[in-house]
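Taking it in order: structure first as structure tokens, then the write-up.
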Ligand code: SF4
Ligand code: SF4
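Residue numbers (my numbering), protein chains in the order written: chain A, 1 to 519; chain B, 520 to 960.
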């Protein structure tokens, strides 16, 4: 048993729903208690879909338990087939149905439906959402992809986008543009945007472009083995990675690389003198492994930030992430416990966080600006406007999104010069952003908000060891330091004092520490 | 109520349906209960699905470090129940150590814990012994196989009843978790009637638990409290039969029933209620203009559907087409059914696909439904009011009557405003709305 308040990932059947909801002509019959239908609202509210997810739930109740639930499942399959006439059906169990052992796969098979029925084995008590997407897509590809000859022109599949994916909609558009510029045709985009009948011709592509390894790596490996299709390993997030991706694709296609950079503004924006103040800003990066690793590289190599922490919540991809963290000289935080992430962030004392919805709120709590780079995300990160993370426009979007929460250069200087100015009081935060004002009542948009009340937050507990004491004058001096670097100054001074066995921190200690940590 | 319109649905036929239910499970009630009971922690014993549900239902509020959590069962816990009990005891001990402010701990059963027959009642007794007297540990089930949405509150309150202190005095007990501001208004109204020995279940803190005994009379504030009512009856208390306090009329009838039970005279009643009644009528009238003559359908969600339809029909001039409710407790609902205009289609339970077929045939002006259905129905050109808000927003009693009507008027007003800027529906360009999937060029 593990006590959990926040989960980065849902259960694996939600992953299967993401695959089914991204597709057309596929229906999912899920053996699940009434109540598990809550998952529909992730798609209808957060992603704002104008259509119900193609999922039929058996919604069994206590009185159905016993032999009855198998009948219920069969009836639900038949009714779903009759009503929706899908090209293929996936069937499976949610966590509760896994315990009652009805075998959805076997039951559905015996119905003799005239379409492929794919049984999903998704172990709910040991795996999570991302396993669910990857496994579901793999099973679909494995069952539906037919042997077929290659297209006469050079073509590829785009693999990985799903329902409820962070910027998947726009990434596909951007990557298609990159391929287009090289004259490479897109055979199938899957799972999102395809039908089961499209998956039948997956094998016709010359190679595969894997955008999100979390969702499509197993399928891509299988296609490589069975259909001889190599797949891309570079994730085109950021300018450098986009270039590398174009080269990798060109290699697989056997053509010359070509990248249309007419609209690429990020490198100049980053090089312009206005951005100089970004140099060495300490950022903490956390998310799914793919987005976190890509963001860490962009942060270091294209923004000139210093990566002071790197982590991911999906253990399946921990190995490459650890390697990158090592290369960057930071400790890897691999955990699905947000309290642990909060501790790691507090310890690293970054000037900015790049993370998920949870890190956004951790940042709010700690007074550190944050930009979102990975799922899970809330409704505001399914924007109406075009906002890819990948390709040329993606690089532009990253620059704007990451710089926006930071105090602007001039403002930073003025804050330092006139730090006694009442308008620059700590409570005000960045003037252009209202970043640390109290959360607006309607934030998050769709989710229901019961009346807020103050609740003690002490789940993480408090640790108070023998820490150096601040002399009053030093404390006053510390207050003169602008709020956005004060936390770091306090921490640095304290560890400086602790290392030297200094019991009381004076103004001198403060400035000695400042000199010591100067960069 | 002799105003000439045909009323009374008590004996109307009810369409009872089985099939896919598009509803929340009872765990969801934790989201508001933990706010009301300020020293309680709700520990769900369940799966990752249960944790994910709470997170999705609680939205951003989860970040206030809420007093609820899920002890997620892992593979090892399924193998042996003995170990699961040990694990639970350990997690509870750790939790209580970290949160010394907790005085009441609810072990909340889920589908997985019910199916593997983890005996949480026994666990609650065991843990009460270990952590007494500082913490009291209770148990109820909020599983989807046993409870629908607001029934979670019923199960929770019913579990509290056996532990309530006994009393021989004559007191009034209000039952149901309401926002503090509304609860205070109710107390003021009752004080105006001269009834001041009022207690509320649930109390805001463990030491504010009401007392119950043979001279206790209780009035329900919410329609979904059938098991709690039965438990109170079991302690010898008497229920005051009344419609529920929604709208001016509902509030007046509810107060009237309480006043009658306590022998309050007509003049006192008028003195206490005339002014707020008039205020409520005026406030409702402001929204009724938008609502009057419009047809409304309720899909099943919270058991609030019947009283709310009654309010909309009688005070706002709407015409109910179908009133769906997840569960119809005939006894508690009788005074409401008496007031409903006839004829109206009542349905209990759900087969969501067939119900949506009926809805599409009816095409009401307003559909009250859950969040999983609202946007898809909007994209079909129907106007919706998402139902959960009716549970989370202060809507009871006189001062909220206008807000209640406005909640239903707002989507209609919005549609009228937006109609000028583009032609509805607009969902042709939203994902999954039937737009052609991307294909190879
Ligand atoms: S308001 Fe902006 S800067 Fe502040 S925490 Fe949220 S995203 Fe970060
Ligand atoms: S329906 Fe059952 S399994 Fe699903 S979230 Fe509710 S209690 Fe958990």
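Idealized CB from N, CA, C, for every residue including glycine. Here the structure is a predicted model, which is why all the values come from computation and not from measurement.
About 30 Å separates the CB atoms of residue 851/B and residue 931/B; that is not less than 8 Å, and the two are not in contact. Remark: the C-beta of residue 21/A is outside contact range of ligand 2, defined as less than 6 Å to any heavy atom.
One Cα belongs to residue 26/A, the other to residue 120/A, and the distance between them is close to 14 Å.
At least one beta carbon of chain B lies nearer than 7 Å to the beta carbon of residue 95/A. By the Cβ rule, the region 344-355 of chain A does not count as touching the region 382-390 of chain A, because fewer than three pairs are nearer than 8 Å. With distances taken between CA atoms, residue 828/B lies nearest to 886/B out of 725/B, 886/B and 641/B. Within the chosen limit of 6 Å, ligand 2 does not reach the beta carbon of residue 552/B with any heavy atom.
With a beta-carbon spacing of about 6 Å, residue 13/A and residue 132/A fall inside the 8 Å limit used to define contacts. Taken in chain order, the members of the region 588-603 of chain B whose beta-carbon sits within less than 8 Å of a beta-carbon on chain A are 588, 589, 590, 591, 592, 593, 594, 596, 597 and 603. Residue 511/A counts as exposed, since fewer than 16 other beta carbons sit within 10 angstroms of its beta carbon. Exposed is the label assigned to residue 879/B, since fewer than 16 other Cβ atoms lie within 10 Å of its Cβ. Per DSSP, the beta bridge partners of residue 814/B are 838/B. Between the C-alpha atoms of residue 765/B and residue 830/B there is a straight-line separation of about 7 Å.
Chain-order list of chain A residues neighbouring residue 765/B: empty, with the shortest C-beta distance near 19 Å, by a criterion of under 7 Å. The C-beta distance from residue 204/A to residue 151/A rounds to 5 Å, short enough to meet the 8 Å contact threshold. By the neighbour-count definition (other C-beta atoms within 10 Å, threshold 16), residue 689/B is an exposed residue. In the three-state scheme derived from DSSP, where H, G and I count as helix and E and B as strand, residue 154/A is classed as coil. 295/A is the residue among 186/A, 249/A, 295/A and 170/A whose C-alpha sits nearest the C-alpha of residue 308/A. Of the residues 169/A, 406/A, 176/A and 231/A, the one whose Cα lies closest to the Cα of residue 275/A is 406/A. Taken in chain order, the whole beta strand (DSSP E) runs of length 3 or more contained in the region 524-577 of chain B are 533-536 and 559-565. In this structure, the straight-line span from the alpha carbon of residue 396/A to that of residue 305/A is close to 17 Å.
Your pair residue 34/A and residue 59/A checks out as a contact, with CB atoms roughly 4 Å apart and the cut at 8 Å. In chain order, 543, 544, 546 and 547 place their CB closer than 8 Å to the CB of residue 572/B, counting only its own chain and leaving out the 5 sequence neighbours on each side. Below the 8 Å Cβ cutoff, chain B contributes no neighbours of residue 101/A, its closest Cβ being approximately 10 Å away.
The shortest CA-to-CA distance from residue 803/B to any of 925/B, 595/B, 822/B and 536/B is the one to 925/B. Separation of residue 502/A and residue 468/A (C-alpha to C-alpha, rounded to the nearest whole angstrom) is 7 Å. Assignment of alpha helix (DSSP H) within the region 250-299 of chain A, counting only whole runs of 4 or more residues, yields 266-271 and 289-297 in chain order. Within its own chain, the residues whose Cβ lies closer than 6 Å to the Cβ of residue 832/B, once the five positions on either side in sequence are excluded, are 839 and 860, listed in chain order. Think of a sphere of 8 Å around the beta carbon of residue 635/B: the chain A residues whose beta carbon falls inside it are 99, in chain order. As summarised for the region 178-241 of chain A, the continuous alpha helix (DSSP H) elements at least 4 residues long and confined to that stretch are 196-199 and 213-227, given in chain order.
Within the chosen limit of 6 Å, ligand 2 reaches the beta carbon of residue 565/B through at least one heavy atom. Selection 773/B, 551/B and 611/B evaluated against residue 673/B yields 551/B as nearest (Cα-Cα). Under DSSP, the beta-bridge partners assigned to residue 691/B are 717/B and 736/B. A contact is defined here as three or more CB-CB pairs under 8 Å, and the region 40-47 of chain A fails this definition with respect to the region 622-635 of chain B. By DSSP's assignment, residue 625/B forms a beta bridge with 561/B and 657/B. In this structure residue 126/A is exposed. Its beta-carbon is surrounded by fewer than 16 other beta-carbon atoms within 10 angstroms.
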